[in-house]
Amino acid sequence: MASLVLWYTHAAPGVPLLTACGLSLVKRAVLTAGKAGHPQVAIAVHAADEAAVRAELTGDARVQVAWTLHVDPPGLAPMVGTAEELILVFADRVFLKSALDQLGPPLEPVTDARPLCAEDAPGGGLFRLRSQVAMSLTTETLAAGLQALPADARTEALVVTRCWRRVASAADLPAAERLLIQSLTKPADGVVARNINRKISGPISRLLAPHGVHPNMVTAVVCLIGVLSLPFNALGTYAGFVLGGLCYYLSSVLDGVDGELSRLKYLGSPLGAWLDTIVDDIVGTAYLVGLYVGLHRYAGHDGWFWAGTVALVAYFLTVLPRYWLMVTSVGVGDHQAIAAQRLATEKGAFGKAVDFVASTLFRLDFLVFLAFMLSLAGVAWIYAAVFAVGAVMSFIETIYTVATLRRAAT
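Per my numbering, the sequence shown starts with residue 2, numbered consecutively.
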């Protein structure tokens, strides 16, 4: 793998220590490098920043890459090592993992340099260079931020969607933080999560990130708010159903915050993933129990009692095999990981139909939002009826998923 250099000496002293969403620029850069698979990184800093940068990176369990500090180096030669190619980042900026990923492939034999550019930012400050080109760069060229590559360097610019924001001073931090928040949207997000929930959870995460709020603390709050839906729903009144639906929906929105904080501050852990999944299922169960109890009380007959019994039995028969899959096959407490494995397998027409229904109608973000909207409309019973049918269908889908993944494993 190419050597990775984070260059700060072209920027003003103190820039590596500016904080975006709870992490200094230098710590975020090193953690991003580790996430991108770089085992070591060389960091060029001003003498005035050496002690603070060293303290920033020392003793943090999240920092798993080997790092070395170079104080006011005259050029790149001391930092190149034995690698034939070098990734050079002028690190007075926030950059995403995707930036390093796009610089990851080796240079073509006829290419000496690959600068990363965007249509709205021709000079990205991120380069992949042959070592001999890197060592030929003068101190003056580096001090200017490498505005132009040597004339004899064979260059092939890579134009991408901008995944970085320069931070020359504290005034540039808001734009950098907006980039980080925008990056939290995941490909696996459903329509409601992507277009509504993230627009609420993102600003909350940005507000909490500079403080010592751990994602697991947010998960605990999610559980508390979500479980409150049970007694509200159980009242069997319009106000009760609305408050129950509101608690359920708020817990869903805040459920995005714990994951966002994990990704923003590199605090993710297997325990956190399991807690998140378990709390999701606890909250879902609480809402359903309260809903069917409330409808039974409101209707005054046993119809909703039996509908709720069928729905909850089917729900548990759906969830328990998924936990078995997460333990034995997936290795992580994440329902989406099961879906990803199922989607990756080859299947016929029936399997494709199952995938379509599961990825649209049975998305948790959609179901929770639907429950809240129907409660507001005074027809919470529609969600209860649809869920009872859907729970049986979901159980069938789970049987299919278990069979598919077991076949794939053999």
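Glycine is no exception: its CB is placed at the ideal position from the N, C-alpha and C atoms.
Best match in the options for proximity to residue i [C-alpha to C-alpha]
i: G241; options: V168, H39, L377; result: L377
i: E178; options: A221, C22, H11; result: C22
i: S230; options: V284, T329, V380, K187; result: V284
i: V393; options: L313, R199, Y324; result: L313
i: I197; options: V254, L318, S206; result: V254
i: V320; options: T286, P74, A385; result: T286
i: M374; options: P107, G82, V193; result: V193
i: D256; options: V54, A315, R199, E109; result: R199
i: G379; options: T238, D102, Y293, V290; result: T238
i: L423; options: K36, S4, T139, H11; result: Outside the modelled stretch of the chain, which goes from 2 to 411, sits residue 423, for which no answer is possible.
i: S263; options: G213, L108, R55; result: G213
i: W8; options: W68, A84, D61; result: W68
i: L296; options: S202, W382, V311, L251; result: W382
i: D190; options: L208, W275, L365; result: L365
i: L208; options: A169, V161, L272, D259; result: D259
i: P322; options: P107, I400, D102, T140; result: I400
i: L150; options: G125, E57, P188; result: G125
i: Y293; options: E57, M80, F388; result: F388
i: P271; options: V328, D303, Q65; result: V328
i: L289; options: A315, G269, Y267, D303; result: A315
i: H39; options: D61, W307, P106, A169; result: P106
i: P14; options: A3, H47, T20; result: H47
i: L174; options: A122, P211, L251; result: P211
i: Q41; options: H215, A84, S252, A12; result: A84
i: E261; options: Y250, H215, G291; result: H215
i: A12; options: A49, E57, I201; result: A49
i: S252; options: D113, V311, I201; result: I201
i: T10; options: P74, A3, E57, L24; result: P74
Reduced DSSP secondary structure (H/G/I, E/B, other) of residue i
i: C224; result: helix
i: S170; result: coil
i: P216; result: helix
i: Q65; result: coil
i: R264; result: helix
i: P438; result: Since the first and last residues shown for the chain are 2 and 411, residue 438 lies out of range.
i: S4; result: strand
i: V311; result: helix
i: S184; result: coil
i: H297; result: helix
i: S99; result: helix
i: V393; result: helix
i: E51; result: helix
i: L255; result: helix
i: L439; result: There is simply no residue 439 to check, as the chain begins at 2 and stops at 411 in what is shown.
i: R131; result: strand
i: R29; result: helix
i: E178; result: helix
i: V192; result: helix
Residue i versus residue j - alpha carbon distance
i: A52; j: T59; result: 11 Å
i: A144; j: T405; result: 57 Å
i: V219; j: V31; result: 26 Å
i: C164; j: A45; result: 22 Å
i: A119; j: V72; result: 31 Å
i: Y324; j: D282; result: 11 Å
i: F233; j: S395; result: 26 Å
i: E29; j: N217; result: It should be noted that the sequence gives Arg, not Glu, for residue 29. One C-alpha to the other measures close to 21 Å.
i: V78; j: M136; result: The displayed chain sequence assigns Ala, not Val, to residue 78. Taking the straight line joining both Cα atoms gives about 5 Å.
i: A235; j: G309; result: 13 Å
i: T402; j: I279; result: 20 Å
i: G301; j: G273; result: 42 Å
i: A43; j: G203; result: 32 Å
i: V161; j: L117; result: 7 Å
i: Q65; j: G82; result: 20 Å
i: L101; j: R166; result: 14 Å
i: M80; j: V228; result: 55 Å
i: D61; j: E141; result: 34 Å
i: I397; j: V390; result: 11 Å
i: D277; j: Y250; result: 16 Å
i: R63; j: P110; result: 36 Å
i: W307; j: L318; result: 16 Å
i: A3; j: D113; result: 13 Å
i: V168; j: P188; result: 27 Å
Beta-carbon spacing of residue i, residue j below 8 Å
i: L87; j: R115; result: no
i: P17; j: L26; result: yes
i: A33; j: F91; result: It should be pointed out that residue 33 corresponds to Thr in this sequence rather than to Ala. Cβ atoms of T33 and F91: not closer than 8 Å.
i: A385; j: W305; result: yes
i: L70; j: R94; result: no
i: L147; j: G76; result: no
i: A171; j: L19; result: yes
i: L108; j: L127; result: no
Cβ of residue i within 8 Å of any chain C Cβ
i: D281; result: The chain labelled as chain C is not found in the depicted structure, where only one protein chain is given.
- Just checking, does the segment 115 to 135 make contact with the segment 151 to 160 on the three C-beta pairs under 8 Å criterion? In short, these stretches touch, since the Cβ pair count reaches three.
- Message: Within 8 Å, do at least three Cβ pairs link the segment 365 to 372 to the segment 231 to 251?
- Response: Because the criterion of three Cβ pairs below 8 Å is met, the segment 231 to 251 and the segment 365 to 372 touch.
- Is it a yes or a no for the segment 180 to 194 touching the segment 223 to 238, going by three-plus beta-carbon pairs under 8 Å? When Cβ pairs closer than 8 Å are counted between the two stretches, the segment 180 to 194 is seen not to touch the segment 223 to 238, the count staying below three.
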